[in-house]
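Note sheet for the following structure.
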DNA sequence: GTGAAAGCGCTAACAT
DNA sequence: ATGTTAGCGCTTTCAC
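What follows is the structure, encoded as structure tokens:
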């Protein structure tokens, strides 16, 4: 083991001293500023290595008014979608020397406000946020008055802030048309209830697809689960027990999809022979399932690209009106979709 | 909207000025130090509110040599286990005023070293780490020489550092005995390959259980998948096609479990009639599956409790030899386990 | 090219 | 109880 002792509070002053130069010169070497002789550079670099010196970040932040840190506010990293997004964001910010502060708001409005305030007081250089309470007056006010470069992720908020939006409407529309083309006339959709988030848009693409396929929407086929955590098993089972049961199911990813697959299995129905299935979002297990589950997917790598590009530009000082990028979901057709079953 | 203008660089000096008191008094009010008259306190508090002042964190950190920040190094938050753990850690650190810097190492050794170094240079008050390369010489050296309070999570590293360990050995041992009690004589185990991590221990409990049940281990029933990402579908299918196919399957959670369930379904075998299934780790879908999948679970809330308790104590300045807490997995029996099928 | 010195915003020790 | 001041570690302007 090389140096197991504590690098007790060593500062640039120690480096300068050991190198036999002034504090200013040491700083110039560290910051790769011009006007340093080769000899000085070498002496300082040797001293740095010898001491194992690393600049004190707090002092740098204070002096430079920049923390090289980006604050990230998510409702919950335990949501795989956000976890992957976070990873992508970190991956792209790292090469620029930024680290990320991550805070989960767990959908609590006061907490979201508090987190944003803390981010500001901690001098974040930029913010990447996906607050759960996008319609809350106070959260909205807090977001609108953020004095740092910010990009809103996946939230349609009424604020003049850069944003990256995930758009399912055209995807769902195309999907419904696609299923109609396979002969499906009864396509059900199962959604979770999202408090404080606009739910209307989710059915928009569905209705458009129906209209374009010249089919009539049966409102009973649009199922909103009573709570965000309630099981879809019963809801789907009920749907499948109808005499005019749907021949295709459009369900939200991960949990609801799982419940749905279980409900289908429990009634000994087969996919896609008896019922076709499509997932909103592409959870890891969808591709591996037998048969593989068709999905509507948002490209999270692209989302991370766009979000960091917007943020980095602002942090670089770029001015101008708010920009918004909308990412449309791709349809990944897999084995879970087939022609509608013949009437029996 | 209240104050949409930028709170342009306002400092404690502005507060003092507006309140008509000295800078020192303002500081005393903010820090709730004794020796402040009621009048002064009020004036300062009013000024603070009026200006929307929040102390500059970098200056505080520099002065106090404390960042009120904890660095968290994980291999990957997109692993649901870690995502939940992170949430639990954050939840417990927040009330103490700590925020968390989260960095994913993606299992890269140099990156883990770099992250640790950055954490130190950024003056983290404490560290919570689960490096992927627990056997790497350099990573180990970096961890051993960390000059800040640190708790190692779920990694058995040769370092005099506080740690919270997850222990499956007794759990697996009991589990094998339990299954043997149900008449199972051929219990297979499917594990992923984890590079740089000791794999030996994983089979330890398994062998102990076999021995206690007076059964002989068939080495072909211990399956290590060739890579961490390879599908278990084929491996499990092969296992199930044997004439002496296992009557019980012990598989790692999430992905491998999914592949396993698919493989079982594809061969039209039924759980638990034809084959019993137990998961290492308790992914969200296990409980909702039909039938519900029995699991070996680590209580992540408890893990977060222990880890933060250790860290907070050290950050408070507590001295003493390294402490280690070991959490043993609980067995959650569910419908996926039944008596071994009668010979047919 | 290099050194000296100011000052970022804050806390705490020291005067009063 | 309150005001004044030193100094945390750093970058950068200004002389030389």
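Chains as they are written, first to last, in the UniProt record's numbering: chain A, 1 to 344; chain B, 1 to 344.
Each residue gets a CB set at the ideal place from its N, CA and C atoms; glycine is no exception.
Not a single C-beta of chain B is nearer than 8 Å to the C-beta of residue 273 of chain A. DSSP places residue 71 of chain A inside the beta strand (DSSP E), whose first and last residues are 69-74. Chain B has a Cβ within less than 8 Å of the Cβ of residue 102 of chain A. 8 Å or more divides the Cβ of residue 51 of chain A from the Cβ of residue 23 of chain A. Taking 7 Å as the Cβ-Cβ cut-off, the stretch 246-270 of chain B approaches chain A at 255, 258, 259, 262, 265 and 266, given in chain order.
In chain order, 101, 103, 118 and 122 make up the part of chain B whose C-beta sits under 8 Å from the C-beta of residue 99 of chain A. Under the Cβ criterion (8 Å, minimum of three pairs), the stretch 299-313 of chain A does not count as touching the stretch 263-279 of chain A.
When A:160, A:267 and A:183 are compared, the shortest CA-CA separation from residue 239 of chain A is found for A:267. Residues of the stretch 137-157 of chain A with a C-beta atom less than 7 Å from some C-beta of chain B are 141, 144, 145 and 147, listed in chain order. Residue 212 of chain B and residue 204 of chain B have their C-alpha atoms roughly 12 Å apart. According to the DSSP assignment, residue 315 of chain B belongs to the alpha helix (DSSP H) that extends over 300-315. Around the beta carbon of residue 110 of chain A, fewer than 16 other beta carbons lie within 10 angstroms, which makes this residue exposed.
If you ignore the 5 residues before and after residue 159 of chain B, its C-beta comes within less than 6 Å of the C-beta of 143 and 144, all in its own chain and listed in chain order. Below 8 Å, too few C-beta pairs join the stretch 105-120 of chain A and the stretch 87-94 of chain A to call them touching: fewer than three.
Taking 4 residues as the minimum length, the alpha helix (DSSP H) runs contained wholly in the stretch 171-242 of chain B are 200-212 and 233-241, in order along the chain. Exclusion of the five residues before and after residue 215 of chain A leaves 180 and 185 as the residues of its chain whose Cβ lies within less than 7 Å of its Cβ. Within the DSSP secondary-structure output, residue 99 of chain A pairs in a beta bridge with A:69. Annotated as proximal: residue 290 of chain B and residue 262 of chain A, with beta-carbon spacing under 8 Å. Here residue 150 of chain B carries a strand assignment [DSSP, helix/strand/coil].
Partner residues in the beta bridge of residue 252 of chain A, as assigned by DSSP, are A:280. Take residue 233 of chain A, set aside five residues on each side of it, and the residues of its chain with a beta-carbon closer than 7 Å to its own are 259, 262 and 263, in chain order.
Look at residue 247 of chain A here: in three-state DSSP terms it is coil, with no helix or strand label. Interface criterion met: the Cβ of residue 56 of chain B is under 8 Å from a Cβ in chain A.
Residues of the same chain with a CB within less than 8 Å of the CB of residue 75 of chain B, apart from the 5 flanking positions on each side, are 82, 104, 105, 106, 107, 130, 131 and 132 in chain order. At least one C-beta of chain B is nearer than 8 Å to the C-beta of residue 288 of chain A.
Counting every other CB atom within 10 Å of its CB across the protein chains shown gives residue 60 of chain A a total of 16 or more, marking it as buried. Interface annotation for the stretch 71-83 of chain B against chain A: 71, 72, 76, 77, 78, 79, 80, 82 and 83, criterion Cβ-Cβ distance under 9 Å. Shown here for residue 315 of chain B: same chain residues with a beta carbon closer than 6 Å to its own, the five before and five after excluded, namely 125, 126 and 149 in chain order. For residue 279 of chain B, the nearest beta carbon of chain A is not closer than 8 Å to its own beta carbon.
The beta-bridge partner set that DSSP reports for residue 31 of chain A is empty. Annotation: the continuous beta strand (DSSP E) that includes residue 162 of chain B extends over 162-167.
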